[in-house]
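S.K.: Each protein sequence line maps, in turn, to chains D and Y.
With positions in the first sequence counted from 1, the corresponding number in my numbering is that position plus 1.
Here my numbering is used: position 114 in the second sequence is 109, and no number is missing along the way.
Every residue, glycine too, gets a C-beta built ideally from N, C-alpha and C.
Submitted below is the structure of interest, expressed as structure tokens.
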Amino acid sequence: MSELVKHVVVIGGGMVAHRFVEALRSRGESGLWRVTVIADEPRPPYDRVALTTYFTGRDPEDLHLGDDALWQDPMVNLRKGIRATHIDRDGRQVRLATGETIDYDHLVLATGSYAALPPVEGNDLRGCFVYRTIDDVAALRGYVEALRRERPGQPVRGAVVGGGLLGLEAAGALRELGAQSTVVEFAPRLMPLQVDDGGGAQLRSLIEALDVQVRTGTATAKVLGARRGLVTGMRFADGPDLDVDVVVFATGVRPRDELARSAGLAVGERGGVVVDLSCGTTDSAISAIGEVACIDGRVWGLVAPGYAMAEVVADRLLGGSATFPGADSSTKLKLLGVDVASFGDAFATAPGCLEVVYADAVAGVYKKLVVSDDARTLLGGILVGDASSYAALRPLVGTELAADPSVYLVPDTGGLPLGDDLPDEATVCSCNNVSAAQVRGAVTDGGCCSLAEVKSCTKAGTSCGSCLPLVKKLADTALEAAGVAVSRGLCEHFELTRAELFNAVQVTGARTFSEIVERHGRGRGCDICKPVVASVLASLYGGHILDGEQGTLQDTNDHMLANLQKDGTYSVVPRIPGGEVTPEGLIEIGRIAKDFDLYTKITGGQRIDMFGARVEQLPLIWRRLVDAGFESGHAYGKSLRTVKSCVGQSWCRYGVQDSVAMAIRLELRYRGLRSPHKLKLGVSGCARECAEARGKDAGVIATEKGWNLYVGGNGGFTPRHAQLLAEDLDDEGLIRAIDRFFVYYIRTADRLQRTAPWLEELPGGIDHLRDVVLDDALGIAADLDAAMEQHVASYSDEWRDVLEDPEKLARFTSFVNATDVPDPTLRYEQERGQRRPVLVAGDRIEVRG
Amino acid sequence: MTWHAVSPLDALPRDRAVAALLDDHQIALVRLADDQVFAVDHLDPFSGAHVMARGIVGSATVDGVEVPTLSSPMFKQAFDLRTGRCLADDSKCLAIWDVRLRDGMIEVRSRVPGAAEDRPEVAS
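Spelled out as structure tokens, the structure:
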């Protein structure tokens, strides 16, 4: 390492530390500093804001922030599970609990907070928890599950002390764990720091409707315990005792400033390391950021100000002069499924300001805007029950409203100006401090052409995601203004999107391309819209994809029912459901490959690919395969490909369900299903997940009680982990859920849009999908079920059908005037005992999308 | 240049192409819905593979005029069937062949460089 490279040590491995390292490493001058992060917790930084999702069965690794590649960077050293014990300011050294010392040129304190345990008698009994880290949450989960095992049939009774943001999160967590839950709040209302009395009352009634009990204005006097030191109940300053088994304390956090104190750095009256607007402490070689910093006399317990501080210090270390831009306590949350948002001057403290309130107890909504004395400038607001307008309203704080304030509160007046009138400097994503100008700039200057690109370029919407609808709107508007053909239409022949075209065709009942292009488009079609129309027709009406005019619409893969390779020959993939194949089948595939001299390779989807088949050979090869009992594997289609499985319960020591049987059942059900893009499934027989099901569009993982269903995963260019849709389904429930998911996706996705980006752009995301698939929120479940039943009933092997139909067979000729003469230019050489093509002419070029 | 009889028009599907072999040379024959027939090289200049006849037939608007196109099945570039010009990359084109119909038979001949362009014939 060069002498010129300086060393910055970060104490703390939370969200703000992560942001600091990311900011430091993402800039041009980043070679100036190497970074060591000393993290107390035994894992990389994770999304603490989303901690509760741990209870919805998500893997703790899903909470990891950003790209794990950051920690592979040779300039970054993450030391997990190690505590710093001492700072030697004179020697510029940090001592670790291991006794080791680390030199620093600059030190960043990002130690965050600890959960405060109120001085209540009995707070150390077994069954008392705090709610701050993954370990806290895991311990709570373990305890509740153990109680349930010990006392089957008895409810687990939980209480949460603290009715603020964290307390309601914890109550939600208890509820997810199947425990009863009571929230005890000292203040007269829930979330006293975010909402007013009206909002608090509405929030309370919404939460009580979810079977969570609420006691406000109640001081906890004591936690009661039994002989073995286990929690049995709670006593209050007044009112009757409450029988409980678990108590979660969520009464706030305190800065972890003890290292700074013992190093002699100045700390604030109520804790926190005192820093100036450059985040510098009283020692110029030490900065403090995030919840441990006391900036401008205040400690911020929100992630957005912490991120801003991280950016400031990174900038300063790289020679910049950034200062903390200030922050506000705007928040938008979904607690127990209830929207709560609070922004700007929510409590109407500005002199002369006016409040405009809309409350609808029937709909369960409370909304308040605070405006200036002339009712023109928006100052702040509170939204409970429906915070959908938060993303649009919050950036308008401090600006003049374009309409009467009530327009912004009353639902469905259609008058809500969303996005377009937003001033450039307005903050759109408060988590990552991204302005409207940056989002617009990503399109106009950054060349971003989609929401996904804008997200990746600006980081907007990548934390809590609440601003995504607004980001999308801004990006779309900018794209349109830039004249980029955001005509979201398919191509020059259709101004409709694929989903719109699907609907249109469904409604008009058109069955041929000529009819469809005449009604809904123009011209004679192209390589983009013709396959889309073919796919739509296949989804709506079934039938053979080469029937009549439909055959002319197909891309060469579907046209030849095989996959085109670089030399113009094709590859052949027979279906091997679930990856299960008999030795006889394997031998026959081997014989066929040998007879036709096909290059063979095992695919990632647990089947066998045979390469180098010429057009005129395809029917001969398939005659042999069909006779041996094989059928088309649809490797060529935008359709179901494979259902990958592990060997499961029948052989595996760990398996808890028969994953192979389920994989075969699924593959036989969905084979031949046409969709906007390829579809892959995986079935794992236990949580070890050997089938890598979470990398699939639909991933099924066995549990003791049934199956967990994950959706929206894929490998490829942008790998995604699938998200949990439903837990512990029985066989029929699993199939019903996948049926509905697939048909809903097929009907509404864009061209070549896989399930992951579809789910990302689906308004409401996975929650909405769950509502549709499990709860039939749109009332379309019967229709979705019927569509899948129609598919299953009408399935027929495409290759067998071709072999039986001379008209379809006729296309498998090399030349119209020399039907069996092979392409004379094909050349091969031997490599590792098989042949590979030698191309004589032609350049390599990039594939057009 | 002599005319080669290649195939009866009826053997060609509409709005799709087929390959044909002329001695050693491979061409793609395209029959549109209105029975206009075009002949271009089967060799895809981008991939170097003989695959053009397996592409999708369609149309594109070029300078305000709707022209018939054939797209390479390999990397999807579209070519103007009238001129052989690649719409995505001016530096590449397909050689084009003159086409005529004699008694329901499609005949083609190599286009003489510089010769006046024959209109493709429409079968009656």
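1) Is residue 149 of chain D helix, strand or coil when you go by DSSP?
2) State yes or no: is the beta carbon of residue 818 of chain D nearer than 8 Å to at least one beta carbon in chain Y?
3) Any residues in the segment 56 to 85 of chain Y with a beta carbon nearer than 8 Å to a beta carbon of chain D? Which ones, in chain order?
4) How many Å lie between residue 47 of chain D and residue 66 of chain D at the Cα?
5) Are the C-beta of residue 848 of chain D and some C-beta of chain Y separated by less than 8 Å?
6) Answer yes or no: does any C-beta atom of chain B fall closer than 8 Å to that of residue 335 of chain D?
7) Within 10 Å of its beta-carbon, does residue 706 of chain D have 16 or more other beta-carbons around it, so buried, or fewer, so exposed?
8) For the segment 525 to 543 of chain D, list every residue whose C-beta sits within 7 Å of some C-beta in chain Y, in sequence order.
9) Of all the CB atoms in chain Y, is at least one closer than 8 Å to the CB of residue 825 of chain D?
10) Near residue 695 of chain D, what residues of its chain come up, given a Cβ to Cβ distance below 7 Å and the 5 sequence neighbours on each side ignored?
11) Which residue or residues does DSSP assign as beta-bridge partners of residue 53 of chain Y?
12) Could you check which residue in D/375, D/369, D/402, D/395 has the C-alpha nearest to that of residue 386 of chain D?
13) Listing by chain order, which chain Y residues have their CB less than 9 Å from the CB of residue 493 of chain D?
14) Determine the chain D residues that contact residue 25 of chain Y at a beta-carbon separation under 9 Å, and present them in chain order.
15) Using only alpha-carbon positions, find the residue among D/327, D/290, D/234 that is nearest to residue 256 of chain D.
16) What's the C-alpha gap between residue 666 of chain D and residue 348 of chain D?
17) Spatial neighbours of residue 119 of chain D within its chain, please: C-beta separation below 6 Å, excluding the five flanking residues on both sides.
18) Ignore the nearest five residues each way along the sequence and tell me which others in residue 298 of chain D's own chain have a CB closer than 8 Å to its CB.
19) Helix, strand or coil for residue 88 of chain Y, going by three-state DSSP, please let me know.
20) Would you mind working out which of D/392, D/355, D/393 sits nearest residue 378 of chain D, comparing C-alpha positions?
21) Under the rule that 16 or more other beta-carbon atoms within 10 Å means buried, what is residue 415 of chain D, buried or exposed?
22) Could you tell me whether the Cβ of residue 569 of chain D comes closer than 8 Å to any Cβ of chain Y?
23) For the segment 551 to 575 of chain D, list every residue whose C-beta sits within 9 Å of some C-beta in chain Y, in sequence order.
24) Using a beta-carbon distance cut-off of less than 9 Å, what residues from the segment 10 to 22 of chain Y approach chain D?
25) Would you be able to state if there are at least three C-beta pairs under 8 Å between the segment -4 to 15 of chain Y and the segment 543 to 560 of chain D?
26) Determine, using beta carbons only, whether residue 120 of chain Y comes closer than 8 Å to chain D.
27) Under the DSSP definition of a beta bridge, which residues are partnered with residue 724 of chain D?
28) Please classify residue 88 of chain D as buried or exposed, where buried requires at least 16 other C-beta atoms within 10 Å of its C-beta.
29) Provide the residue(s) that pair with residue 226 of chain D in DSSP beta bridges, ordered along the chain.
30) Identify every run of the beta strand (DSSP E) within the segment 288 to 319 of chain D, keeping only runs that are complete inside it and at least 3 residues long; order them along the chain.
31) Let me know the beta strand (DSSP E) ranges lying completely inside the segment 578 to 651 of chain D, each 3 residues or longer, listed in chain order.
32) Comparing alpha-carbon positions, which option in D/654, D/741, D/518 lies nearest residue 772 of chain D?
33) Would you say residue 125 of chain Y faces chain D, with C-beta separation under 8 Å as the test?
34) So with CB distances below 9 Å, who are the chain D contacts of residue 1 of chain Y?
35) Below 8 Å between beta carbons: does that hold for residue 559 of chain D and residue 638 of chain D?
36) Report, in whole angstroms, the separation of the C-beta atoms of residue 246 of chain D and residue 232 of chain D, which I expect to be a contact under 8 Å.
M.R.: Concretely, from the data shown:
1) In the displayed model, residue 149 of chain D falls within a helix according to three-state DSSP.
2) yes
3) Under the 8 Å Cβ criterion, the segment 56 to 85 of chain Y contributes 56, 61, 63, 64, 66, 68, 69, 70, 71, 72, 73, 83.
4) 5 Å
5) In this predicted model, residue 848 of chain D has a pLDDT of only 39, less than 50, meaning its place in the structure is not dependable enough to derive any value.
6) Looking at the structure shown, chain B is missing, and the protein chains on hand are D and Y.
7) exposed
8) So the list reads 525, 526, 527, 528, 531, given in the order they occur along the chain.
9) For residue 825 of chain D, the answer is yes, since a Cβ of chain Y falls inside 8 Å of its Cβ.
10) 711, 714, 722, 723
11) Y/64
12) D/369
13) 54, 55, 56
14) Under the 9 Å cutoff, chain D gives no residues; its nearest Cβ is about 11 Å from residue 25 of chain Y.
15) Out of D/327, D/290, D/234, D/290 has the C-alpha closest to the C-alpha of residue 256 of chain D.
16) 58 Å
17) 252
18) 269
19) strand
20) Distance check between residue 378 of chain D and each of D/392, D/355, D/393 places D/355 closest, using alpha-carbon atoms only.
21) Note on residue 415 of chain D: pLDDT 38, under 50, position unreliable in the model; no value is reported.
22) yes
23) Listed by position, the residues of the segment 551 to 575 of chain D near chain Y (Cβ gap below 9 Å) are 552, 553, 554, 555, 556, 557, 558, 560, 561, 565, 566, 567, 568, 569, 570.
24) 10, 11, 13, 14, 15, 16, 17, 19, 21
25) yes
26) This structure gives no information on residue 120 of chain Y, because the portion of chain Y shown stretches from -4 to 119.
27) D/712
28) buried
29) The partner list for residue 226 of chain D (beta bridge, DSSP) reads D/232.
30) 294 to 296
31) 600 to 603, 609 to 614, 641 to 646
32) D/741
33) Nothing can be reported for residue 125 of chain Y, as the shown portion of chain Y is limited to -4 through 119.
34) 817, 818
35) yes
36) 6 Å
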